[in-house]
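Numbering (this note's numbering), first residue to last: 986 to 1653. Below is one structure; the comments refer to it alone.
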Ligand code: ACM
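Pasting the structure below:
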């Protein structure tokens, strides 16, 4: 087969792979429900699909239901006859009847359970609360598929409830400001996979992102003009709440506070002046707990935030106080000694207690990163574990409610499988059943040093859908291959909510090629991954807030689907599969052409220059594969070729190196 034809046929294979994944009898449900029985009794969707709500008046559920109809129309191209859904609408013989008993107040104890029965004769959805109906509607939309030239809801009997009550996504809006539209589309994505807490990281060294009417200098001087007005905050909260999602704001104190002390240098522990931080890392500016004026300030600040935010919980950060300003401040050192506080941690606990008392006054429950953990703090706070499982275990053991984020740092670009296998309450923890109950759940954390509104969706999705399954589904649901089969179709469906994880990749590639065709670059982008963990920060460039986040590593998805496909094919080949033996030699063939195409395009597109070595590496790997398949043995230079490709190019590496080593039987 000649190469361009191979590329096209490969794309067709991938596309039909997705469609076929939708055609298998096992539906692409994620999170996988508690109990699923597939009956084969499918419901065929026509324009006469109708939907009745039976329960107390719930505007948010009426609205959710209207969006459900719109999504269904959008997927099917059908001009549905029904226009409105509410308990007041009289629908004769509805296809879908959703029955619920109550309107759930949004809280950590809200009931999200539901049962769903899909039959050829009709669909029944039952829930205790209107939120349960929302969760069930998302499951129904995941039962949507096509068979025999018709759209159907797969026949099934489902009974479902979440394993954990706290299933969150944190979005850092300080390092890079994320406009309301970005938050809204991601909140829709959260609802689609049954997440229920939007943790809004609003302040950090690089920006103070919420309007503060009591102390306007905070947002005026601390944000470069990029902050959420009160009206916008209310809009986001209303949007999330209408989808059964709570909003927990975070104001990170006493460290990570450069953007606060830009306008209030007197609250820092060392003299100013201060500027908004442009770099990434841990910085010295730290609030001075010894300054009593600080508590007068916070009393007013939290009073205003209580008016603005409606959740019971508020997050006060508390992480990464490097103590440098405290160590160099004699007044603070004397205070520690005079009050028998032992050290900086003792002082931070003293500070946290003062803040916690203020929060109680304003009817907030305090949450903080695991550095705040100290037995002197009251037991009704929530400890957010990010540094390791042992902090989760310690907190739960000491009787604190706790939420896990260690293992769910999606900014680090690890594969979905890595996060998926992290359990918020693994058997390895030494906890009694009562102590285990202190684990409320987990949160994926979208730190924003290296992302912008353009790339955030591709860092959150689809991997967060796998994490959402970990938080919702039974502990035993942990088959990685099965997760990946469902993840791709779920990811594609997220696009209907306006998520841009695929669309923006194309847009960003067009920018890099300066408007020239992106076919060649697209193949390369599909096989490369950004380097993992914090390693991007250690490459030649030093990233700051205004650096370009438009380069190769930003365009590449954290996880290459092609890389996984290649790995599967190698596994099949090694187990003697004849189809894989035919397929494998062709998988990389197209890469032999790419360096020449990109080199030519680079004349008009200088951003391509740093990418060319990656294309050269892939060409060398393609030739290596070709030669190996021909000779059935690795050539002498094989190791060097792979090692060369392992060195990051523009902060990326090919996602096939381990598979190549396995195939060529090379050990490192
Ligand atoms: C954190 O990642 N510093 C909570």
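Beta carbons: idealized from backbone N, C-alpha and C, even for Gly.
Spatial distance of residue 1566 from residue 1592 (CA atoms): 37 Å
How about residue 1017: is its Cβ closer than 6 Å to a heavy atom in the ligand ACM? no
Residue 1137 - partner residues in DSSP beta bridges: 1029, 1130
Closest by CA to residue 1147, which one among 1427, 1442, 1548? 1427
Report yes if the C-beta distance between residue 1493 and residue 1540 is below 7 Å; otherwise report no. yes
Residue 1084: first and last residue of the uninterrupted beta strand (DSSP E) it sits in: 1081-1087
Sort 1444, 1018, 1014, 1013 by Cα distance to residue 1459 and report the nearest one. 1018
Could you name each continuous alpha helix (DSSP H) segment of 4 residues or more that falls completely within the stretch 1396-1437, going from the start of the chain to the end? 1401-1405, 1418-1421
One question on the structure: do residue 1016 and residue 1179 come within less than 7 Å of each other, judged by their Cβ atoms? yes
Is it buried or exposed, residue 1260, if we count other Cβ atoms within 10 angstroms and call 16 or more buried? exposed
Ignore the nearest five residues each way along the sequence and tell me which others in residue 1393's own chain have a CB closer than 7 Å to its CB. 1404, 1407, 1427, 1428, 1429, 1430, 1452
The beta strand (DSSP E) spanning residue 1104 covers which residue range? 1099-1104
Contact the stretch 1633-1642 vs the stretch 1528-1547: 3+ CB pairs below 8 Å: yes
Less than 7 Å separating the beta-carbons of residue 1277 and residue 1199? no
Starting from residue 1658, trace the alpha helix (DSSP H) in both directions and tell me its first and last residue. An answer regarding residue 1658 cannot be provided, because it is not within the stretch 986 to 1653 covered by the chain.
Is the beta carbon of residue 1428 within less than 6 Å of some heavy atom of the ligand ACM? no
For a minimum of 4 consecutive residues, which ranges assigned as the alpha helix (DSSP H) are wholly contained in the stretch 1341-1383? 1374-1382
By a C-beta neighbour count over all protein chains shown, 10 Å radius and 16 as the cutoff for buried, is residue 1064 buried or exposed? exposed
For residue 1476, does the three-state DSSP call read helix, strand or coil? helix
Is residue 1334 helix, strand or coil by DSSP? helix
Going along the chain, which residues of its own chain have a beta-carbon closer than 6 Å to the beta-carbon of residue 1020, five neighbours each way excluded? 1144
Please tell me whether, using a cut-off of 6 Å, the distance from the CB of residue 1304 to the nearest non-hydrogen atom of the ligand ACM is below it. yes
Contact under 7 Å by Cβ, residue 1388 with residue 1425: yes
Use the C-beta contact count for residue 1616: other C-beta atoms within 10 angstroms, 16 or more gives buried, fewer gives exposed. exposed
Contact set for residue 1495: own chain, Cβ-Cβ below 8 Å, skip 5 residues either direction: 1503
Return the CA-CA distance between residue 929 and residue 1287, expressed in angstroms with no decimal places. Nothing can be reported for residue 929: it is not among the residues displayed for the chain, which extend from 986 to 1653.
Rounded to whole angstroms, what's the CA-CA distance from residue 1185 to residue 1291? Just pull it up for me. 15 Å
Unbroken beta strand (DSSP E) run spanning residue 1109, endpoints: 1107-1114
According to DSSP, is residue 1301 helix, strand or coil? coil
Taking the straight line between their C-alpha atoms, what separation do you get for residue 1594 and residue 1629? 18 Å
Which full runs of the beta strand (DSSP E) of 3+ residues lie inside the stretch 1501-1558, going along the chain? 1513-1515
State the beta-bridge partners of residue 1213 as determined by DSSP. 1195
In terms of residue numbering, what span does the beta strand (DSSP E) encompassing residue 1020 cover? 1020-1023
Exposed or buried, which one is residue 1530 when buried takes at least 16 other CB atoms within 10 Å? buried
Closest residue to residue 1307 among 1254, 1279, 1561, 1218 (Cα-Cα distance): 1254
Thinking C-alpha only, which one of 1081, 1602, 1183, 1505 is nearest residue 1138? 1081
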